[in-house]
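J.:
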Amino acid sequence: MIEVDKENYEEEVLEVEGPVMVDYWGEGCDHCLELMPGVEDLAEKYGDDMKFCKLNIKGNRRLAMSQQVMGLPSMVFYVDGEKVEHLSGDDLTIEEIEEEIKKHI
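Going by the numbering used here, the first residue of the sequence shown is number 3, and it counts up by one from there.
1) Mind the definition here: the region 50-61 touches the region 83-98 only if three or more C-beta pairs lie below 8 angstroms; say whether that holds.
2) Using the Cα positions of Thr-95 and Asp-7, report the straight-line distance between them to the nearest angstrom.
3) DSSP state of Ile-103, grouped into three classes?
4) Closest to Trp-27 by C-alpha separation, out of Glu-19, Asp-50, Met-77 and Val-15, would be which residue?
5) Would you kindly report the start and end of the unbroken alpha helix (DSSP H) that includes Leu-37?
In structure tokens form, the structure reads like this:
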């Protein structure tokens, strides 16, 4: 997974042709940290078909807000730089994330 921030977000996410998933997470978000190993496994499994990025909201709150990310964890899917789906919430599961990945590859 590629770590993105306000410096490289546009290049790594918005200017990419094809599907990209961004995992918005925070150090104080327990569910984010619980999901992280599973999300990394999905990135390994589907990395040939989709680009996977993660963004720590610490220091990047304005960027997150500009993408309408108001809660954590959030998985946001882009295709050719356009936002196509946003999954979020304390009840978000790896299975739901994987189903969404399959829709975009």
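Don't be surprised by glycine CBs; every beta carbon is placed ideally from N, CA and C.
The structure displayed is predicted, hence computed values, not measured ones.
T.: So, from the listed chains and residues:
1) Between the region 50-61 and the region 83-98 there are fewer than three inter-stretch CB-CB distances shorter than 8 angstroms, so the stretches are not counted as touching.
2) Counting only the Cα atoms, Asp-7 lies some 24 angstroms from Thr-95.
3) Taken through DSSP and simplified to helix, strand or coil, Ile-103 comes out as helix.
4) When only C-alpha atoms are compared, the closest one is Met-77.
5) For Leu-37, the enclosing alpha helix (DSSP H) stretches over residues 32-48.
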